[in-house]
Amino acid sequence: MSEPASTPPLRCTECENPMDSPIACSTCGALSQMPADSFDSYELFGIKREYDIDPRALHHKYLCLSRVIHPDLASGEAGQQRSQSLNLSAELNRAYDTLRDPVARAEYMLSLAGGPKSSENKTVPQELLGQVLGFREEIEDARASGDTAALQAVQQQLLGRRETALTRIAELARGLETGDLQNRIRLREQLNTVKYWNNLLDQIPPTGLAGRRG
Ligand SMILES: [Zn+2]
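Right, dumping it as structure tokens:
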């Protein structure tokens with residue numbers, strides 16, 4: 083298999099050692115002088131643009147890169163170098179938050195693939211709205227009567243629904259590389275759907291579940 087175009091072998095212009103990420107050299111600490119926002123989140127981490135990523139490896143890279151690009155406050159770096167460190171740090175943090183979260187990652191991959199955005203397409207599967215209304219009613223009733231067992235039961239069901247949506251999101255995000263428009267639209271629908279489950283889960287008070295009378 084040939085190397086994808088997005089990951090050419092990189093060498094540091096200062097020390098000529100290979101670089102894991104285009105933004106900083108972990109050998110000599112040289113920082114990229116490109117604008118911090120000129121890299122996409124995958125490029126920043128020097129990883130392939132795929133849905134499936136190893137969270138532990140990502141975290142490890144995040145820590146290493148953070149250490150390399152962190153502005154050295156003690157050395158009194160020149161202003162420009164310091165501001166580049168801060169810009170790269172901010173971009174790295176943003177990219178990390180995006181890639182480590184499965185939904186944010188799928189949303190990001192969809193945007194890289196050309197959308198649609200949530201503002202452009204709010205469709206959800208036809209049966210969803212009826213289900214959401216039913217759950218909302220159950221939650222309201224259970225909260226009104228202080229029925230923590232009922233709340234727990236609804237919560238379990240909602241977690242199951244969310245899990246189903248997340249599984250579907252993963253499948254569709256893996257299929258993005260086919261470039262199929264229907265695939266992108268279905269992914270948009272599932273990303274819209276998971277927001278409904280999250281909103282309903284937010285309506286279940288954690289204290290209501292903890293304070294069960296024995
Ligand atoms: Zn270097």
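Note that this note's numbering has the sequence shown beginning at 83, numbered continuously upward.
Cβ coordinates follow ideal geometry from the N, Cα and C atoms, glycine included.
Name the two residues that bound the continuous alpha helix (DSSP H) containing residue i.
i, result
"K143", "P137 to I151"
"E253", "T230 to R256"
"Q166", "G161 to R182"
"V214", "L210 to S227"
"F127", "S123 to F127"
"T275", "L263 to D284"
Quick one: what's got a C-beta closer than 7 Å to residue i's C-beta in the same chain, skipping five residues either side?
i, result
"Y133", "R187, A188, M191, A252, A255 and R256"
"E271", "T205, V206 and P207"
"T275", "V206, P207, L210 and A247"
"T180", "S123, A186, R187 and Y190"
Whole angstroms are fine: how far does the CA of residue j sit from the CA of residue i?
i, j, result
"L258", "N265", "7 Å"
"R131", "R176", "16 Å"
"L282", "L240", "8 Å"
"R294", "E222", "Low local confidence applies: a pLDDT of 46 at R294 is under 50, so the model's placement there is unreliable, with the coordinate-based value given in what follows. Distance between the alpha carbons of R294 and E222 is about 17 Å."
"R218", "P288", "16 Å"
"T230", "G212", "24 Å"
"K277", "S193", "17 Å"
"L62", "A139", "Outside the displayed span of the chain (83 to 296) sits residue 62, for which this structure offers no information."
"N280", "R243", "10 Å"
"E245", "Q163", "45 Å"
"L273", "D262", "17 Å"
"D103", "D119", "It is Ser, not Asp, that sits at residue 103 in the sequence shown. So the two alpha carbons sit approximately 14 Å from each other."
"E43", "G161", "Nothing can be reported for residue 43: it is not among the residues displayed for the chain, which extend from 83 to 296."
"L215", "R268", "22 Å"
"S108", "R93", "11 Å"
"P153", "Q285", "41 Å"
"N203", "I135", "27 Å"
Tell me which residues share the same chain as residue i and place their Cβ nearer than 8 Å to its Cβ, disregarding the 5 neighbours each side in the sequence.
i, result
"P137", "R182"
"I151", "I105, A106, L113, S167, L170, S171 and L174"
For residue i, which residues from the same chain have a beta carbon less than 6 Å from its beta carbon, with the 5 sequence-adjacent residues on both sides left out?
i, result
"K143", "F127"
"Q166", "L113"
"M95", "Here the sequence assigns Thr to residue 95, which means Met is not the residue at that position. Nothing listed; no residue qualifies."
"L145", "none"
Note to self: Can you confirm whether the segment 195-208 touches the segment 174-185 when touching is taken to mean that 3 or more C-beta pairs between the two stretches lie within less than 8 Å?
What the structure shows: Look at the beta carbons and you see the segment 174-185 not touching the segment 195-208: under three pairs across the two are nearer than 8 Å.
Check: Taking three-plus beta-carbon pairs below 8 Å as touching, is the segment 113-126 in contact with the segment 220-240?
Finding: Flag = no, the segment 113-126 and the segment 220-240 do not touch.
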